[in-house]
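Here's the structure we're looking at; comments come further down.
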Amino acid sequence: MSVLEGRGITKRFGGRVAVEDVSISVDAGAVAAVIGPNGAGKTTLFSCLTGASSLDAGAVVFDGADVTSLGADARARLGLGRTFQRVSVFGSMTVADNLLVGAEATRRTPLWRGLLGRTDPRAAGDASRVERVLALLDLEELRDVEARTLSTGRLRLVELGRALCGEPRVLLLDEPASGLSDAETEGLRAVLRAVAADGVGVLLVEHDVRLVLDVADHVYALAQGRLLSSGTPDEVAADPAVRRAYLDRAPS
Amino acid sequence: MLLTLQLALAGLAFGSVAALSGIGLVVTYRATGVFNLAHGAVATFIAYVHWELVARQGVPEVVAAPLCVLVLAPVLGVLGYRAVFRPLQQRDATPAEALVTTLGLFVLVVGLTTVLWGNSAKRAPSVFATARWDVGDLTIRSDTVVQLGVVGLVAIVLAVLTGPTRLGADVRAVVDRRELALLSGVDVDRVNELGWAIGTTLSAITGLLLAPGLSLTPYGLTLVVLETFAIPVLARLSSLGVATVAGLALGVAQAELSQVHVTAEPFATALQGLQSNLLVVALLGGLLLLPSLREVGDAGTARSFSSRHVRRTSLRRSALLYGTAVVLLASPLTYPAEQLRQAQAVPGLAVVLVSIVVLTGYGGRISLGQAGFAGLGALFFAKLSTGAPELIALVGGMLAAGAIGVLTGYPAIRRRGLFLALTTFAVGVTVSRFVFESPSLTAGVDVNRPSLFGLSLAGDHTFYAFELVCLVVALLVVRNLRSGPLGRALVAARDSEDGARASGLDIGRLTLFTFTISSVMAGLGGALLAQTALAFESRAFDPVSSSLVWFTAVVVFGADSAAGAVLASGLFVAMELLTGTSDAALLPIGLLAVLLGRFPGGVLNGLVALRRTAPAPVVVRQLSPTGKALVARR
Ligand SMILES: Nc1ncnc2c1ncn2[C@@H]1O[C@H](COP(=O)(O)OP(=O)(O)OP(=O)(O)O)[C@@H](O)[C@H]1O
Ligand SMILES: [Mg+2]
Chain F
1 MSVLEGRGIT KRFGGRVAVE DVSISVDAGA VAAVIGPNGA GKTTLFSCLT GASSLDAGAV
61 VFDGADVTSL GADARARLGL GRTFQRVSVF GSMTVADNLL VGAEATRRTP LWRGLLGRTD
121 PRAAGDASRV ERVLALLDLE ELRDVEARTL STGRLRLVEL GRALCGEPRV LLLDEPASGL
181 SDAETEGLRA VLRAVAADGV GVLLVEHDVR LVLDVADHVY ALAQGRLLSS GTPDEVAADP
241 AVRRAYLDRA PS
Chain G
1001 MLLTLQLALA GLAFGSVAAL SGIGLVVTYR ATGVFNLAHG AVATFIAYVH WELVARQGVP
1061 EVVAAPLCVL VLAPVLGVLG YRAVFRPLQQ RDATPAEALV TTLGLFVLVV GLTTVLWGNS
1121 AKRAPSVFAT ARWDVGDLTI RSDTVVQLGV VGLVAIVLAV LTGPTRLGAD VRAVVDRREL
1181 ALLSGVDVDR VNELGWAIGT TLSAITGLLL APGLSLTPYG LTLVVLETFA IPVLARLSSL
1241 GVATVAGLAL GVAQAELSQV HVTAEPFATA LQGLQSNLLV VALLGGLLLL PSLREVGDAG
1301 TARSFSSRHV RRTSLRRSAL LYGTAVVLLA SPLTYPAEQL RQAQAVPGLA VVLVSIVVLT
1361 GYGGRISLGQ AGFAGLGALF FAKLSTGAPE LIALVGGMLA AGAIGVLTGY PAIRRRGLFL
1421 ALTTFAVGVT VSRFVFESPS LTAGVDVNRP SLFGLSLAGD HTFYAFELVC LVVALLVVRN
1481 LRSGPLGRAL VAARDSEDGA RASGLDIGRL TLFTFTISSV MAGLGGALLA QTALAFESRA
1541 FDPVSSSLVW FTAVVVFGAD SAAGAVLASG LFVAMELLTG TSDAALLPIG LLAVLLGRFP
1601 GGVLNGLVAL RRTAPAPVVV RQLSPTGKAL VARR
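One line per chain: the protein sequences are F and G, in this order.
1 is the number of the first residue of the first sequence in my numbering; add one for each residue after it.
1001 is the number of the first residue of the second sequence in my numbering; add one for each residue after it.
Right, here's the structure in full:
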């Protein structure tokens, strides 16, 4: 059952089309992946799905409801978690506090409550959820370390942890393995499987082909903003159009 | 018809000077990436030097004016760049830091002017002898012609400089793509020095031409030049052509407005306000209506001058800190009334400064209009207290300030950095001009101290105790803004807006919230200040000598340090007591602000860091994505 769906998404920057008429669907409990050369429009597609940028055409459907007009924060509160290609953690906070924000921010609490120093009764489970996620991502030892001092690989995990703490229904990860060591990537693979097994739909953008072939149930290949091909990892890997798109690319 | 022409000529005279000032701001901004908030202060300083040379030392005008404009001004510009802005650039400071540094420069230069020449008004000499020619019925003044000529000359010089020369190409390269220019071997230093030199030269011309028409005081001329910010704003910080036209057009429009007459009442007052404040209205209108300014680089939030660390003070240390503070603040209660009265300004000012901490330190938003909120709180308190119990009036004043705070918060949701700084400044100036300085609103306003359930607080000791209670309440609010889910949400939004939004935080709501809290708090502080003085004085809530100076002081003492804000308030009052003038604190604060590049988290944090003997910070030149791509390609 699809939990997140993009229908005919189109996004232009000035005259330049970054994403054109792309339809995509993420099932609960499954891992989908978007692949494509640099500049293919993967991150832009993510921004459209999460609400970080507006669409020029198309619609985004979350859990059966049209969320196209909702902002990024409202979609996040509904259960749409994400990470960024350019990590955006809260640098001056500790790792544990970063995760705690992820848990707290999905609830909308009256701000005066905080002003008067009252606590939210719904906050009771936050601490234990943070602990669980810290354990899952093997970040327990870094709990009290200020985030800005960490390596990119660790920051990606912190960001993933923050998203997980919001108990997302669907998780969008933009290049989660870039900057990760081999061991960390191995850990990520296990985490992704565990998250999907929990019933969360996962959509990832990834250049690490091995990781994609290994964990994805469904692959979408983009090139120059258009959907080239989609299907199981093997089908897409065998598609001549995909091969051509990758071979056309000037060697970098 | 004749009158219209005559007025147009007068308007052109002022408009051309305004245009020159605007052009100077745009040139410096495009060439160096820094919007020079000290532009007006530099103009004033050089006008004073000119006065000193001509009126006091008897230097002939043919020597004095060129010396000021062509030697002193560019030298100051280049020195300022080398001493202050180049180190910032080398550290890769954010534009917000550079902006605050210009504010520090402003405070420093005004402070220097006051120390050297005092506060009393001077009569500035005219650079050019004024002749009049009668053409038919029309009188043409020679200074109009000269000023228009100077604008034309400047336009030609700038056209040549940015034209098809090697230097022009360099300037354009730096302006368009700073980091690319850095990599492709353009002499960025030279372009920067040129940008500053041109900017200060034009500000000197502005100062020398404007001063004779006004009486020369440190703040008066400065504010007039600050009003010309309308011109770079209308030019969206980029087009010199638009800046020239906007300057001339505003000058003419302002002059022609004096012909318009209305008698129907609300309009008559509004028109009167408009007639003397067209530039202010254009500044605010331009900022609110323009979708964006063409800012250089990413303006960022104010996070960069908050302290770099989340402080986790131990309970014992904070108990000690707050204990000392309470004892210090409460000690005046033991003084006789005479001395106590002098300490009464401390808690009120501290509340206002803490409100800046809320907005800038916690909310990450620059606010250059805080005195406007404070003044509204004071004025509405005073107005309401004629008909209602003082305590209710006090709440009313706070709410009035809060209402304007919310209105300012709306545009602030989408604005950052320079754009927001100018918007808040414009709001402050507008409130000051149209409310505080409007005789119909402020004449004969009585200010009384409140009474609490029948207990009068009019006595100096009881009133001071009441002020302390207010300060403690403000500090408790601040503590709650700093801790718990709300505190984390604010820090999160400050650290990474994208990340905060993706986690589910509503940035707009948080922004409005901080603006509301901050302005309500400022309103309280303002009302306390008015109750201290037992009068409403518009001068106490001036958009320049209060707003800008207060903001600078808060940043110097650590934008996210409430304790620093309280300390700053004590410093202001103590310096005034010691020296007898409220401008005494300007020099140290300006100096520290200019040095902020070396103490990024503010003075207190700088001292703490020194004591911790932290390893010297590694200077990493960060390149923007474009720059990185270019390096990678090489
Ligand atoms: N804010 C923007 N303004 C203008 N153009 C943009 C913007 N964001 C992206 N683009 C353009 O849209 C196209 C798609 O960019 P996008 O970042 O989505 O690609 P991507 O597939 O994520 O690439 P990469 O693998 O490098 O991350 C690119 O050509 C890019 O230059
Ligand atoms: Mg991308």
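All C-beta atoms in this analysis are idealised placements derived from N, C-alpha and C, irrespective of residue type, glycine included.
| query | result |
| --- | --- |
| Take the Cβ of G:Arg-1539 as the centre, count every other Cβ of all protein chains shown within 10 Å, and call the residue buried at 16 or more, exposed below. | exposed |
| What in chain F is Cβ-close to G:Pro-1485, meaning under 9 Å? | Leu-100, Val-101, Glu-104, Ala-105, Arg-107, Thr-109, Arg-113, Gly-114, Thr-119, Asp-120, Ala-123, Asp-126 |
| On the three-pair Cβ rule with 8 Å, is the stretch 1494-1502 of chain G touching the stretch 80-97 of chain F? | yes |
| Between G:Val-1310 and chain F, is any beta-carbon pair separated by less than 9 Å? | Caution applies to G:Val-1310, whose pLDDT of 43 falls short of 50 and renders its modelled position unreliable; the value that the coordinates give is listed next. Closer than 9 Å: yes. |
| Under the three-state reduction of DSSP, which class applies to F:Ala-32: helix, strand or coil? | strand |
| On a Cα-Cα basis, can you pick out the residue from G:Val-1431, G:Phe-1425, G:Leu-1422, G:Val-1327 that is closest to G:Ala-1378? | G:Val-1431 |
| Rounded to a whole number of angstroms, what is the C-alpha to C-alpha distance between G:Arg-1308 and G:Thr-1094? | Only weak support is given to the placement of G:Arg-1308: the predicted model assigns it a pLDDT of 40, under 50, and the value that follows is read from those uncertain coordinates. Their Cα atoms are separated by approximately 14 Å. |
| Pull up the distance between the alpha-carbon of G:Ala-1636 and that of G:Leu-1099, whole angstroms please. | Outside the displayed span of chain G (1001 to 1634) sits residue 1636 of chain G, for which this structure offers no information. |
| For G:Asp-1460, count neighbouring C-beta atoms within 10 Å of its own C-beta (all shown protein chains included) and say buried if the count is 16 or more, exposed if not. | buried |
| Assuming G:Val-1224 contacts G:Leu-1210 under a Cβ cut-off of 8 Å, what Cβ separation, rounded to an integer in Å, is found between them? | 6 Å |
| What is the rounded straight-line gap between the Cα of F:Gly-199 and the Cα of F:Leu-171? | 11 Å |
| May I ask you to list, following chain order, the residues of the stretch 1457-1468 of chain G that have a beta carbon less than 7 Å from some beta carbon of chain F? | none |
| So, for F:Thr-68: in the same chain, excluding its five sequence neighbours on each side, which residues have a beta-carbon less than 6 Å away from its beta-carbon? | Ala-59, Val-60 |
| What does the Cβ neighbour count give for G:Gln-1339, buried or exposed, with the cut at 16 atoms within 10 Å? | exposed |
| Taking DSSP as the reference, what is the three-state secondary structure of G:Leu-1368? | coil |
| If we ignore side chains and look at the alpha-carbon of each, how far apart do F:Ile-9 and F:Ser-229 end up? | 16 Å |
| Mapping DSSP to helix, strand and coil, what is F:Ala-18? | strand |
| Shortest alpha-carbon distance to F:Asn-38 belongs to which of F:Val-3, F:Leu-4, F:Gln-224? | F:Gln-224 |
| Got a list of residues with beta-carbon closer than 7 Å to any non-hydrogen atom of ligand 2, in chain order? | F:Lys-42, F:Thr-43, F:Gln-85, F:Asp-174, F:Glu-175, F:Val-205 |
| Closer than 8 Å to a non-hydrogen atom of ligand 1 - does that hold for the CB of F:Leu-222? | yes |
| Helix, strand or coil for G:Pro-1625 per DSSP? | Legend: pLDDT at G:Pro-1625 = 44, less than 50; position of this residue unreliable, value from coordinates given subsequently. Looking at G:Pro-1625 - three-state DSSP - the assignment turns out to be helix. |
| Give me, in chain order, the residues of the same chain whose beta-carbon lies closer than 7 Å to that of G:Val-1054; leave out the 5 immediate sequence neighbours on both sides. | Glu-1061, Ala-1064, Pro-1125 |
| For G:Ala-1299, which residues in the same chain have their Cβ closer than 6 Å to its Cβ, ignoring the five residues on either side in sequence? | Residue placement at G:Ala-1299 cannot be trusted, given a pLDDT of 47 that sits under 50; what the coordinates show is reported in the next sentence. Excluding residues within five positions, the ones whose Cβ falls inside 6 Å are Pro-1095, Arg-1416, Gly-1417, Leu-1418. |
| Distance cutoff 9 Å, beta carbons only. Does G:Ser-1561 sit that close to anything in chain F? | no |
| Cβ of G:Val-1150 within 9 Å of Cβ of G:Ile-1205? | yes |
| Can you check the stretch 1534-1568 of chain G for any alpha helix (DSSP H) of at least 4 residues that lies completely inside it and give the ranges in chain order? | 1549-1556 |
| Touch check for the stretch 169-183 of chain F and the stretch 125-144 of chain F: three-plus C-beta pairs under 8 Å? | no |
| Looking only at DSSP bridge pairs, what is G:Val-1395 linked to? | According to DSSP, G:Val-1395 bridges with nothing at all. |
| Per DSSP, what kind of secondary structure is G:Arg-1482 in: helix, strand or coil? | helix |
| Cβ of G:Pro-1291 within 8 Å of any heavy atom in ligand 1? | no |
| Is F:Phe-13 near ligand 1, judged by its Cβ being under 8 Å from some heavy atom? | yes |
| Looking only at its own chain, which residues have a Cβ that is under 6 Å from the Cβ of G:Asp-1446, when we skip the five neighbours before and after it? | none |
| Would DSSP call G:Thr-1139 helix, strand or coil? | strand |
| Which residues in the same chain as G:Gly-1247 place their Cβ atom closer than 6 Å to its Cβ, once the five residues preceding and following it in sequence are excluded? | Gly-1015, Ala-1018, Ala-1019, Gly-1022, Ile-1231 |
| For G:Arg-1086, I'd like the list of residues in its chain whose CB is within less than 8 Å of its CB, leaving aside the five on either flank, ordered along the chain. | Asp-1189, Asn-1192 |
| Does the distance between the C-beta of G:Gly-1644 and the nearest non-hydrogen atom of ligand 1 fall short of 8 Å? | This structure leaves residue 1644 of chain G out entirely; chain G is present only between 1001 and 1634. |
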